[in-house]
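Everything on this sheet refers to the single structure shown next.
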Amino acid sequence: MKSAVIVFPGSNCDRDAAVALERITGNAPHMVWHKDTDLPEVDLVVLPGGFSFGDYLRSGAMSASSPIMAAVKAHADAGRYLVGICNGFQVLTEAHLLPGALMRNAGLNFVCRTVPLIVANDETAFTRGYKKDSIIKVPVAHHDGNYFADDATLEMLEGEGRVVFRYGENPNGSLHDIAGIINKRGNVLGLMPHPERVVDPMLGGEDGVPFFSSVMEAV
Amino acid sequence: MKAHVHITLKNGVLDPQGKAVQNALGALGFEGVGNVRQGKYMEIDLDESDPAKARASLEAMCEKLLANTVIENYKIDLEA
């Protein structure tokens with residue numbers, strides 16, 4: 112599987128994503144600077160975690176209009192896989208590739224810990240390697256992870272099985288305990304927790320491995 | 146022409162920062178402080194003398210970048 116990681120000024124999980132992708136897929140991803148306008152032809156694009164543009168204006172707002180995003184949208188429109196992790200999820204909502212918004216955590220605290228995560232849908236390209244309702248342990252590290260959408264959008268997401276991950280213990284006030292959602296077509300997923308940080312037992316677990324290996328098998 | 150843009154959270158959207166400010170005001174001894182909602186305020190200088198065109202342009206800016214209309218409302222005031 113070929114992949115690419117978009118690097119924004121202030122991304123800080125781009126290297127973690129690259130290490131995870133290389134370890135699991137066997138191929139190092141292309142690292143693509145946000146000012147580039149062309150994406151190499153790849154199966155998966157990752158928008159990594161971090162604090163792109165210092166979270167100016169709103170988390171992810173500036174990155175959503177970076178030059179590379181037109182190519183990222185075209186990649187998704189072609190049905191290829193796109194995942195936004197943490198800040199990347201914020202970018203996906205700001206770019207209107209996923210519905211809703213990620214607001215300041217309800218407790219106002221930056222939350223940095225490993226949380227239990229429930230796999231709410233195991234039929235997506237990203238989660239076929241998990242079992243539905245299984246609980247995995249994945250770290251979160253964010254200040255703005257409080258998922259908000261209006262009632263009609265929440266109803267649609269629930270009705271269409273598009274809530275993919277839910278918090279076992281809600282760390283941020285997210286509505287419906289939402290930790291990750293997917294688009295209708297099933298190729299664009301955003302989540303606040305960091306699967307790329309749990310791909311090595313030396314670093315606290317391997318619960319993130321099936322996330323990437325599922326995509327690899329889907330390709 | 147100068148524009149004043151106010152960006153506020155929509156009704157019903159939880160505002161933990163506003164709530165924290167409200168609590169802090171109470172802790173400082175200010176009585177009778179009700180609900181506090183926080184938001185953003187921007188001053189924007191524009192090379193445009195036609196108010197209608199300026200407003201149309203600012204609305205596009207708010208829709209595309211300045212506000213996230215999933216959670217926020219915006220109000221544009223033009224300085225005469």
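Quick note, the sequences are listed as chains B and F, same order.
Numbering of the first sequence is given in this note's numbering, commencing with residue 112 and proceeding in unit increments.
Numbering of the second sequence is given in this note's numbering, commencing with residue 146 and proceeding in unit increments.
Where is the CB? At the ideal position from N, CA and C, for every residue including glycine.
The structure displayed is predicted, hence computed values, not measured ones.
Item: Got a sec: which bits of the segment 153-186 of chain F sit with their beta carbon under 7 Å from any beta carbon on chain B, in order along the chain?; Value: 158, 159, 161, 162, 165
Item: Starting from the beta carbon of residue 214/B, find every residue of chain F whose beta carbon is closer than 8 Å, and list them in chain order.; Value: 158, 159, 216
Item: Return helix, strand or coil for residue 207/F, following the three-state DSSP convention.; Value: helix
Item: Under 7 Å between beta-carbons, which chain F residues line up against residue 206/B? List them in chain order, please.; Value: The contacting residues do not exist; residue 206/B stays about 11 Å from chain F at best.
Item: Let's test the definition: count the other Cβ atoms within 10 Å of the Cβ of residue 296/B and tell me whether it reaches 16, buried, or not, exposed.; Value: exposed
Item: Grab the span of the beta strand (DSSP E) containing residue 218/F for me, first residue to last.; Value: 217-223
Item: Please return the same chain residues whose Cβ sits closer than 7 Å to the Cβ of residue 178/F, not counting the five positions on each side in sequence.; Value: 167, 170, 171
Item: Could you pull out every residue in the same chain whose Cβ sits closer than 6 Å to the Cβ of residue 128/B, ignoring the five residues on either side in sequence?; Value: 116, 157, 159, 307
Item: Is the beta carbon of residue 164/F less than 8 Å from the beta carbon of residue 217/F?; Value: no
Item: Give the secondary structure of residue 239/B by DSSP, where H, G and I count as helix, E and B as strand, and everything else as coil.; Value: coil
Item: Do you know how far the Cα of residue 208/F is from the Cα of residue 197/B?; Value: 24 Å
Item: Starting from the beta carbon of residue 259/B, find every residue of chain F whose beta carbon is closer than 8 Å, and list them in chain order.; Value: 158, 159, 215, 216
Item: Can you tell me the Cα-Cα spacing of residue 313/B and residue 287/B, whole angstroms?; Value: 33 Å
Item: Would you mind sorting residue 270/B into buried or exposed? The rule is 16 or more other CB atoms within 10 Å of its CB.; Value: exposed
Item: Check whether the segment 315-327 of chain B touches the segment 126-145 of chain B, taking contact to mean three or more Cβ pairs, one atom from each stretch, closer than 8 Å.; Value: yes
Item: My guess is that residue 301/B and residue 209/B are in contact by the Cβ rule of under 8 Å, so how many angstroms apart are they, rounded?; Value: 5 Å
Item: List, in order along the chain, the chain F residues whose C-beta lies closer than 7 Å to that of residue 217/B?; Value: 159, 161
Item: Do you know whose CA, among 228/B, 151/B, 221/B, 280/B, lies nearest residue 247/B's CA?; Value: 228/B
Item: Helix, strand or coil: how does DSSP classify residue 326/B here?; Value: helix
Item: Assuming residue 290/B is part of the beta strand (DSSP E), what are its boundary residues?; Value: 289-293
Item: Closer than 7 Å by beta-carbon distance: list the chain B residues that pair up with residue 210/F, in chain order.; Value: 172, 176
Item: Determine which residues share a DSSP beta bridge with residue 223/B and list them.; Value: 252/B
Item: So residue 169/B contacts chain F; which residues on that side make the cut at Cβ distance below 7 Å?; Value: 213
Item: Kindly provide the ranges of any beta strand (DSSP E) runs that are 3 or more residues long and lie completely inside the segment 161-196 of chain B, ordered along the chain.; Value: 192-196
Item: Using a cut-off of 8 Å between C-beta atoms, extract the partners of residue 284/B located in chain F.; Value: 159, 161
Item: Can you name the residues that DSSP bridges to residue 276/B?; Value: 230/B, 291/B
Item: Between residue 211/B and chain F, is any beta-carbon pair separated by less than 8 Å?; Value: yes
Item: Taking residue 230/B and residue 304/B to be in contact with their CB atoms under 8 Å, please state how far apart those CB atoms are, rounded to whole angstroms.; Value: That pair is no contact at about 12 Å.
Item: Using 8 Å for Cβ pairs, my map puts residue 212/B next to residue 180/B. What's the rounded Cβ distance?; Value: The Cβ separation is near 17 Å, so there is no contact.
Item: Taking the alpha-carbon of residue 173/B as reference, which of 277/B, 154/B, 122/B has the nearest alpha-carbon?; Value: 122/B
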